[in-house]
Each structure stands twice: as C-alpha cells, then as structure tokens.
Amino acid sequence: MQLTIRKREKKETKNLRRTNNIPAVVYAKGKENESIYLDRFELNKHLSSLKPGELATNIFTLKNEKETFKAIVKDIQYFVTSYNIAHIDFLKLDEATKISVNVPIRFTGINECKGIKLGGNFRQAIRTLKV
Numbered sequence: 000m001q002l003t004i005r006k007r008e009k010k011e012t013k014n015l016r017r018t019n020n021i022p023a024v025v026y027a028k029g030k031e032n033e034s035i036y037l038d039r040f041e042l043n044k045h046l047s048s049l050k051p052g053e054l055a056t057n058i059f060t061l062k063n064e065k066e067t068f069k070a071i072v073k074d075i076q077y078f079v080t081s082y083n084i085a086h087i088d089f090l091k092l093d094e095a096t097k098i099s100v101n102v103p104i105r106f107t108g109i110n111e112c113k114g115i116k117l118g119g120n121f122r123q124a125i126r127t128l129k130v
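For the sequence shown, the residue numbers in numbering that gives the first Met the number 0 are 0 to 130.
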C-alpha cells in the first residue's frame with residue numbers, strides 16, 4: 000500500500016492533528032531523520048485492511064515529492080483516551096542493510112486436527128518469531 004507523505008516543520012504538530020493528519024518521523028541509517036505527516040484517513044484505511052499481527056512485518060511504500068521508498072513501522076504512539084494514533088516512527092529500508100522483525104506465527108487447520116476433534120486442546124506457546 001502506498002501512502003503519500005509531506006515534509007513538516009517541528010512546531011506544527013498541534014495544527015496537523017486538528018486537520019486530521021498524523022505526525023511521523025522516518026529514520027534512516029547514516030542519514031538525517033525526516034519529519035513528515037500522513038493523512039489520518041488514508042493510514043486508517045490501510046491499517047484496517049491488515050490482519051492482527053501483520054503491522055510489524057508490513058512494508059509501506061512512502062511517496063513524497065522527491066522520491067518513493069519502502070519503510071516499516073518502528074513504533075506507534077496512541078492517545079490514551081481515544082486510542083487514536085498520535086505519532087508514527089518509520090524505519091527506511093535499504094537493500095544493503097539487514098533488519099530483524101518479529102513475525103507472527105499462525106496455525107491453520109487446527110479444527111481439522113484429529114486430536115482436537117477427540118477433545119484435545121491446542122495451546123500456542125510461541126506467538127512470534129524474531130527473523
């Protein structure tokens with residue numbers, strides 16, 4: 000999913016939130032951090048299409064007026080009272096740099112398992128795997 004980003008000034012955070020935008024920062028190894036903002040509705044539309052646990056491994060295509068690049072979510076901060084997104088940190092991906100992410104583990108066909116049909120239980124001990 001491609002998201003359009005725009006450069007922002009450090010002091011305009013309150014005004015951005017009032018106009019349904021989300022402030023964010025793009026971090027890149029060896030480069031200066033870039034302060035940006037995204038449209039809240041565009042981001043929420045994309046996030047609602049993700050399955051639970053997919054956010055950590057989802058690659059966003061971010062497009063600004065100069066370039067298009069890929070990034071993953073490094074951190075999300077939420078408002079405590081409304082649980083709306085307050086701020087997002089992105090990590091710019093570089094093909095030459097290795098990263099590690101927590102990949103969710105999902106099991107399929109549990110209900111068709113003979114042990115479950117005979118009254119057994121399924122307990123998932125590990126929910127994510129660091130890759």
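In this text, a Cβ means the ideal position worked out from N, Cα and C, and glycines have one as well.
Predicted model, so just to flag it, every value in this text is computed and none were measured.
In the three-state DSSP reduction, T127 falls in the strand class (E or B). Cβ contact annotation for E33 (same chain, cutoff 8 Å, sequence separation greater than five): K6, V24, V25, A27, in chain order. One Cα belongs to R105, the other to Q123, and the distance between them is close to 9 Å. Our two residues, E41 and V100, have alpha carbons roughly 24 Å apart in a direct line.
S34 sits in a strand when the DSSP states are folded into three classes. K69 and L92 have their C-alpha atoms some 6 Å from each other. Per the C-alpha coordinates, the member of L37, G29, S47 positioned closest to I4 is L37. L90: member of the beta strand (DSSP E) spanning 84-91, first to last residue. Comparing alpha carbon positions, the residue from I75, I58, K50, Y82 closest to E94 is I58. Taking the C-beta atoms as reference points, L61 is found nearer than 9 Å to I35. Leaving aside the five residues that flank H86 on each side, the residues in its chain whose CB is nearer than 6 Å to its CB run, in chain order, P22, Q76. Under the 10 Å beta carbon count, I109 is surrounded by fewer than 16 other beta carbons and is classified as exposed. A direct Cα-Cα distance of roughly 4 Å separates P103 from T127.
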